Amino acid sequence: MDARATVSGLERPKFRQAVNAAVLAGGVEITLGEIRCAFDFEPGDGPAVSRLITHLSTGGLTVDELTAKSPQIAQQIPALLQDFDRLRLLVDTAQPHAEAIVSGSQLYREVRRLAGRVTQRVARSAFHNALIEGRATRAQLVGYALEYYWIVKMAPGLIGPALASARSPKERGLLQEFLRSELGHDRFLGAALEAAGVTAAELEAHQPLPATFALCASLGVYARQHPLSFSAILFLFERAQPAFIDAFDDRCRDLGLPEAFHAPLRVHADLNSDYQHEDISQALMALEPVVDAETAVAVKRHVALMIETMIQQEDQILAFYGKSRDRVARIFGEG
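Start counting the sequence shown at 2; every next residue gets the next number (the working numbering).
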């Protein structure tokens with residue numbers, strides 16, 4: 002990730018006005034209303050930590066400048082700033098207020114660049130690596146499809162609340178068309194899972210992994226409470242991943258899984274590509290003529306957290322469905 006900015010793009014981070022930071026013996030305690038955090042440091046690092054806290058209180062320095070002024074803790078500063086940013090302890094002092102306003106289209110471009118940086122910083126696709134290296138098991142492939150099915154099944158209900166906040170006929174039309182295009186996809190994905198041995202009753206009783214639930218819950222909250230973040234995040238779920246789909250197909254064939262299982266996943270990916278679903282974020286955000294700095298930072302933060310949750314989801318799929326079990330994991334029934 003670019004060392005000059007935090008996860009949400011703050012170039013010259015500064016503590017919010019109400020932040021109270023106390024440097025104590027061997028540690029720092031920071032509060033902002035009900036938000037509290039603390040971290041420890043080595044005895045010899047006390048002066049460097051004090052300088053960092055002072056500079057964050059006054060603002061005006063880039064991340065590189067903050068690091069240069071406290072070289073003893075240079076390696077720890079980026080991670081500290083990421084954590085402070087996630088807790089919303091920071092604002093940006095990079096630009097005058099008049100220049101901090103951007104259009105929705107400009108914010109979309111910044112979000113796409115941010116998505117690339119966050120993905121590069123956190124990890125490459127662990128599941129994709131498992132596919133191309135031949136480590137993904139049958140249970141993990143079916144598990145991935147189960148989690149994917151759950152998101153697709155929930156999608157219409159998560160998109161619906163955004164219609165209530167649509168502020169123009171064009172925005173409403175885009176959302177309605179997008180909602181229509183998502184209806185019914187769970188049925189042929191359900192049929193694919195049945196081809197792999199998952200019964201309809203088991204599918205109905207499926208409980209998603211925590212990260213899968215978190216993805217859907219976050220999307221639903223943004224649709225109702227922060228529509229611009231909802232618009233910005235949609236492309237993450239709809240972007241084409243041909244290399245991943247090819248690797249998934251190849252691994253399914255290697256393990257002898259029926260084509261009726263993996264072919265529908267490719268069909269769904271092709272539908273997203275044919276209908277240019279990835280462009281829905283760009284189209285919706287282009288309707289926003291002006292976005293203030295605070296809102297832009299919130300949107301970037303939400304996008305970054307969503308990407309990190311997606312990566313956690315892959316790790317959870319590999320870990321949970323990789324365990325030896327007599328039946329597909331996380332299917333609950335009677336008995």
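By construction, the Cβ of each residue, glycine as well, lies at the ideal position given by its N, Cα and C atoms. Given the structure is predicted, the values throughout are model-derived calculations rather than measurements.
9 Å Cβ cutoff met for isoleucine 152 and cysteine 217: Along the sequence shown, read from residue 1 onward, the residue named residue 152 stands at position 151. Along the sequence shown, read from residue 1 onward, the residue named residue 217 stands at position 216. For isoleucine 152 and cysteine 217, yes; Cβs fall inside 9 Å.
Close beta carbons around alanine 196, own chain, < 7 Å, minus the five adjacent residues each side: Stepping through the sequence shown from its first residue, residue 196 is reached at position 195. A distance below 7 Å between beta-carbons, with the five flanking residues on each side excluded, links alanine 196 to the following residues of its chain, in chain order: Pro259, Ala261 and Phe262.
CA nearest to the CA of phenylalanine 85, picked from Val292, Gln242, Gly198 and Arg37: Reading the sequence shown from its first residue, position 84 is the one you call residue 85. Taking only the C-alpha atoms, the option nearest phenylalanine 85 is Arg37.
Cut-off 6 Å between Cβ atoms - residues of its own chain near glycine 310, not counting five sequence neighbours on either side: Residue mapping note: residue 310 aligns to position 309 of the sequence shown, counting from 1. The identity of residue 310 in the sequence shown is threonine, whereas the question assumes glycine. Cβ neighbours of threonine 310 beyond the five flanking positions: Ala212, Ala215 and Leu216.
Buried or exposed (CB count within 10 angstroms, at least 16 for buried), proline 170: Looking up residue 170 in the sequence shown gives position 169. Exposed.
Minimum C-alpha distance to arginine 173 - residue among Pro290, Ala23, Ala39 and Leu285: Stepping through the sequence shown from its first residue, residue 173 is reached at position 172. Answer by Cα proximity: Leu285.
Burial state of glutamate 178, where buried means 16 or more other Cβ atoms lie within 10 Å: Position 177 of the sequence shown, counting from 1, holds the residue named residue 178. Its Cβ having fewer than 16 others within 10 Å, glutamate 178 is exposed.
Which residues DSSP lists as bridging glycine 28, in chain order: For this step, residue 28 is matched to residue 27 along the sequence shown. Paired residues: Leu25 and Asp41.
Start and end residues, alpha helix (DSSP H) containing valine 304: The residue given as residue 304 occupies position 303 in the sequence shown. Counting along the chain, the alpha helix (DSSP H) containing valine 304 begins and ends at 294-321.
Close Cβ partners of histidine 283 (< 8 Å) along its chain, the five nearest in sequence each way excluded: For the purposes of this step, residue 283 is taken as the residue at position 282 of the sequence shown. According to the sequence provided, residue 283 is glutamine. The question's histidine does not apply to it. Correct list, in chain order: Ser106, Tyr109 and Phe236.
Closest by C-alpha distance to glutamine 73, when choosing among Tyr322, Ala241 and Gly47: Working through the sequence shown from its first residue, we reach residue 73 at position 72. Answer by Cα proximity: Gly47.
Buried/exposed call for leucine 25, threshold 16 Cβ in 10 Å: Here residue 25 corresponds to residue number 24 of the sequence shown, with the count starting at 1. By the neighbour-count rule (16 or more Cβ atoms within 10 Å), leucine 25 is not buried but exposed.
Pairwise C-alpha distance: threonine 296 and arginine 13: In the sequence shown, counting from the first residue as 1, residue 13 sits at position 12. In the sequence shown, counting from the first residue as 1, residue 296 sits at position 295. Looking at the two C-alpha atoms, the distance is approximately 17 Å.
Start and end residues, alpha helix (DSSP H) containing leucine 62: Looking up residue 62 in the sequence shown gives position 61. Element bounds for leucine 62: n/a, residue is neither H nor E.
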